[in-house]
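There are 2 protein chains.
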Amino acid sequence: MGEIKPLPYFKDRYKVDLVFYVDEIVQVLQDRFSQHGKPVLFLLYGKSTDSGNYSKPASFEGIEKFDTDLGTLHPILTECRVIKSEMELGLIQYANDVSSEAHIEVMRQAKPGMKEYQLESIFLHHSYRYGACRHCSYTCICATGENSSILHYGHTAAPNDRTLNDGDMALMDMGAEYNFYGSDITCSYPINGKFNSNQATVYNAVLKAHNAVISHMQPGVKWVDMHKLAEQTILESLKNEKIIHGDIADMMTRRLGAVFMPHGLGHLLGIDTHDPGGYPEGLERPKEPGLSSLRTIRELKEGMVITVEPGCYFIDALLRPARDDPVSSKFFNWEEIEKYKSFGGVRIESDLYVTAQGCKNLTNCPRETWEIEAVMAGVPWPPRASVTKAENGLPKA
Amino acid sequence: MGEIKPLPYFKDRYKVDLVFYVDEIVQVLQDRFSQHGKPVLFLLYGKSTDSGNYSKPASFEGIEKFDTDLGTLHPILTECRVIKSEMELGLIQYANDVSSEAHIEVMRQAKPGMKEYQLESIFLHHSYRYGACRHCSYTCICATGENSSILHYGHTAAPNDRTLNDGDMALMDMGAEYNFYGSDITCSYPINGKFNSNQATVYNAVLKAHNAVISHMQPGVKWVDMHKLAEQTILESLKNEKIIHGDIADMMTRRLGAVFMPHGLGHLLGIDTHDPGGYPEGLERPKEPGLSSLRTIRELKEGMVITVEPGCYFIDALLRPARDDPVSSKFFNWEEIEKYKSFGGVRIESDLYVTAQGCKNLTNCPRETWEIEAVMAGVPWPPRASVTKAENGLPKA
């Protein structure tokens with residue numbers, strides 16, 4: 036494993052006050068903290084509001100010589116994680132810069148005949164070789180054609196192994212991680228580089244929702260309202276295109292937005308892709324379709340980093356029950372929807388930092404259809420000044 | 036996660052006799068195997084002779100309705116894994132073909148000024164994009180300069196982050212995995228593409244050992260004897276170069292080979308990089324330096340796949356005690372060894388299949404110093420007919 040580094044190395048690297056070797060822990064804690072009796076160790080133990088699982092508190096040989104407190108630390112540390120420091124923001128911005136560039140590289144190389152996993156490989160390579168990002172925040176979702184309506188595509192049993200066809204849409208949900216801080220970005224585009232009419236319809240519906248949410252975000256705004264704004268914007272676009280008809284407010288009451296967008300609008304992002312703190316003590320997860328998938332329903336606060344990721348999908352398993360229900364069925368133009376049967380879906384996802392007055396988009400990918408078509412045809416995409424493709428090393432972090 | 040595939044899909048894909056959904060397991064087992072009373076389930080449970088840990092037997096809700104046998108299956112399945120079928124060999128050969136090509140790609144792109152992790156990224160990308168290998172068998176060891184004497188370099192605390200210098204040796208231990216079957220290959224070469232005299236000395240000592248072992252391998256040969264053959268070959272070369280002096284047999288008795296090669300000659304390879312079966316019931320791990328690191332001491336059998344990976348390293352932590360010991364100290368020419376102080380080390384590793392008459396090398400990398408220099412200068416390396424760089428898909432497996 037190599038030589039053991041001296042203690043000052045770790046003190047300097049991690050900017051901590053005291054450093055000791057692990058096998059000294061019992062002695063050091065006893066020597067330093069026994070003035071007022073048996074020392075109390077505050078351990079991190081709490082429930083993930085996403086999985087329902089509990090975090091495993093730290094342990095070591097001899098821990099029974101101390102009192103432990105399992106309740107105090109978790110809510111405090113979780114709240115610390117919700118509001119990002121400048122240094123944390125810098126890391127998330129860097130991961131976003133690298134991922135944005137890597138997405139553009141993938142976009143440019145994608146061609147009919149390739150395999151989805153080859154796009155994954157290009158993303159990973161670009162992020163690591165040029166961005167020093169050894170890991171991604173999550174398994175890459177490289178979904179094309181019908182697969183783009185499978186929200187968690189890309190896992191071991193569906194390992195991005197489809198061949199890309201002319202006429203497919205691609206939904207690329209990939210984010211690099213740097214020094215443990217993640218990014219989470221989705222780009223959707225036609226594999227052949229040109230949006231056809233149906234593709235542009237669905238894409239623009241989602242983009243309008245994405246932009247509407249971003250333009251409304253600021254401290255004090257309720258995230259549930261942003262989710263509903265995205266749903267409503269998408270429903271309005273689909274109504275304009277005669278894919279659905281009837282009263283939008285009525286559809287919203289019946290939660291029909293969730294037929295097209297069966298996931299939450301976004302989630303906190305940081306050390307975890309789905310960062311904790313979405314449901315602090317007292318906030319309960321909603322029960323209604325769509326809203327029940329929200330990983331937070333908090334009010335926005337300055338310093339939060341949160342994803343904005345509206346989507347519109349044509350999923351048989353959700354359209355079928357909507358059609359079978361006599362009340363919801365009448366809102367849908369089933370003849371028109373038939374044309375989107377094997378369309379899949381579109382998602383557009385950016386990472387937003389909430390500022391005092393509004394928000395800042397940390398993601399820098401082409402979003403307008405004409406921008407995407409131009410970038411895929413080789414037009415340069417303005418790189419941020421902070422990103423260099425230097426072959427020779429880690430950025431000055 | 037996508038639609039659940041129908042049962043016949045799994046029956047065909049995994050070539051099994053019967054397929055049911057997981058939630059039917061209790062019912063199906065009871066219905067089909069209760070004729071003679073409570074059915075007995077043979078579960079896989081046994082000790083890893085490497086880690087000392089025990090495998091966790093399979094479990095499911097309702098397993099208490101059955102009798103379980105934890106002892107029968109493990110030795111039988113382990114022995115099945117020691118001898119590879121033709122289909123298994125095909126997968127290991129494919130993983131070797133992809134990895135050999137990827138190593139050559141890395142070799143060609145390596146230049147002073149790059150970072151070690153960039154070589155890792157090139158390997159991963161080549162294996163995935165062109166070989167459909169999503170995973171590697173183990174974390175890539177991309178060690179250059181002094182790092183090449185750190186046997187398990189590349190881990191999270193030493194993440195291949197050094198800058199490549201002109202004059203460094205590189206020790207690249209990387210292997211792609213395909214359909215769960217692995218490869219395990221090490222190439223060592225000078226970063227600037229030209230061996231200097233000291234580099235050629237150490238490299239050729241190791242290559243001679245690598246080739247000597249391969250030329251002796253056949254069913255019935257004891258692996259401990261191969262390990263000793265490698266040690267002896269290396270010691271002889273070092274003696275010719277006046278790095279050590281004295282009687283080789285004497286050095287062997289004193290286990291001084293382990294000062295330069297403090298790891299085993301090789302290990303079984305398959306589903307696991309360190310495949311099980313190295314120490315079946317009755318075989319005890321040796322205690323002597325060097326030999327104690329052997330992951331097997333078996334006799335070779337037709338159908339085994341085993342790595343041959345001799346190495347020669349200059350490790351301060353091992354040379355120091357050898358110097359402090361008045362008896363061993365006199366075998367070393369300390370003035371000469373001083374010249375190799377920051378040399379690091381060399382390892383050459385190939386994957387061998389034991390045949391009825393001898394063995395077959397599954398790895399296809401340039402090994403002679405002149406071959407390596409030529410390949411690094413751009414001379415084509417003869418690809419095997421079985422390997423294609425087709426962009427468009429998985430090989431017909």
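As you go down the protein sequences, you meet chains D and C in turn.
If you want the working numbering, it's the position in the first sequence, counting the first as 1, plus 35.
If you want the working numbering, it's the position in the second sequence, counting the first as 1, plus 35.
Note that the Cβ used here is the ideal one computed from N, Cα and C, for glycine as well.
- When DSSP states are grouped into helix, strand and coil, D307(D) belongs to the coil group.
- Excluding residues up to 5 positions away in sequence, E334 lie with their Cβ nearer than 6 Å to the Cβ of K257(C) in the same chain.
- Cβ atoms of M296(D) and C347(D) come within 8 Å of each other, at about 6 Å.
- In the assembly as shown, A244(C) is a buried residue. Its beta-carbon has 16 or more other beta-carbons within 10 Å.
- Within the same chain, Cβ atoms closer than 7 Å to the Cβ of I60(C) are found at F95, the five residues on either side in sequence being excluded.
- Taking the CA atoms as reference points, T107(C) sits about 7 Å from F77(C).
- Taking C-beta atoms as the reference points, G292(C) and E266(C) count as a pair closer than 8 Å.
- Taking a C-beta cut-off of 9 Å against chain C, none of the residues of the segment 239-254 of chain D qualify.
- In the three-state reduction of the DSSP assignment, Y44(C) falls in the helix class, which pools H, G and I.
- The DSSP assignment places complete beta strand (DSSP E) segments of no fewer than 3 residues inside the segment 343-379 of chain D at 346-348, in order along the chain.
- Interface criterion not met: the Cβ of H138(C) is under 8 Å from no Cβ in chain D.
- Boundaries of the alpha helix (DSSP H) harbouring K243(C): 232-251, taken from the DSSP string.
- Fully enclosed beta strand (DSSP E) runs of no fewer than 3 residues occupy 176-179, 204-209 of the segment 164-215 of chain D, in order along the chain.
- In the three-state scheme derived from DSSP, where H, G and I count as helix and E and B as strand, D102(D) is classed as strand.
- Comparing alpha carbon positions, the residue from V248(C), Y213(C), E316(C), L354(C) closest to R169(C) is Y213(C).
- Judged by beta-carbon spacing, F349(D) lies beyond the 8 Å limit of Y314(D), meaning their Cβ atoms are not closer than that value.
- Close to I283(D), with beta-carbon spacing below 8 Å, lies no residue of chain C; the smallest spacing is near 31 Å.
- For F55(D), the secondary structure class from DSSP, reduced to helix, strand or coil, is coil.
- For S156(C), the closest Cβ of chain D is nearer than 8 Å.
- Counting along the chain, the unbroken alpha helix (DSSP H) around T113(D) starts and ends at 108-117.
- For P41(C), the closest Cβ of chain D is not nearer than 8 Å.
- Under the three-state reduction of DSSP, N396(D) is assigned to strand.
- In chain order, M142, R143, A145, Y224, G228 place their CB closer than 8 Å to the CB of M411(C), counting only its own chain and leaving out the 5 sequence neighbours on each side.
- V294(D) sits away from I269(D), with the two beta carbons spaced by 8 Å or more.
- Residues of the segment 193-204 of chain D whose Cβ lies closer than 9 Å to any Cβ of chain C, in chain order: A193, P194, N195, D196, T198.
- L206(C) has a beta carbon lying at 8 Å or more from every beta carbon in chain D.
- In this structure A192(C) is not in contact with I226(C), their Cβ atoms being roughly 23 Å apart against a cut-off of 8 Å.
- Under a criterion of Cβ atoms nearer than 9 Å, no residue of chain C is adjacent to I306(D); the nearest Cβ is some 15 Å distant.
- Interface residue (Cβ-Cβ distance to chain D less than 8 Å): M142(C) is not classified as such.
- Judged by beta-carbon spacing, M207(C) lies beyond the 8 Å limit of S134(C), meaning their Cβ atoms are not closer than that value.
- At a cut-off of 8 Å between beta carbons, H190(D) contacts chain C.
- Taken in chain order, the whole alpha helix (DSSP H) runs of length 4 or more contained in the segment 270-307 of chain C are 283-288, 292-295.
- Taking 8 Å as the Cβ-Cβ cut-off, the segment 149-180 of chain C approaches chain D at M149, K150, Y152, Q153, E155, S156, I157, L159, H160, Y163, R164, A167, R169, given in chain order.
- Pairing M339(C) with V117(C) gives a Cβ-Cβ distance under 8 Å.
- In the DSSP assignment, L387(D) forms a beta bridge with I341(D), N396(D).
- The C-beta separation of C177(D) from E140(D) comes to about 13 Å, leaving the pair out of contact by the 8 Å criterion.
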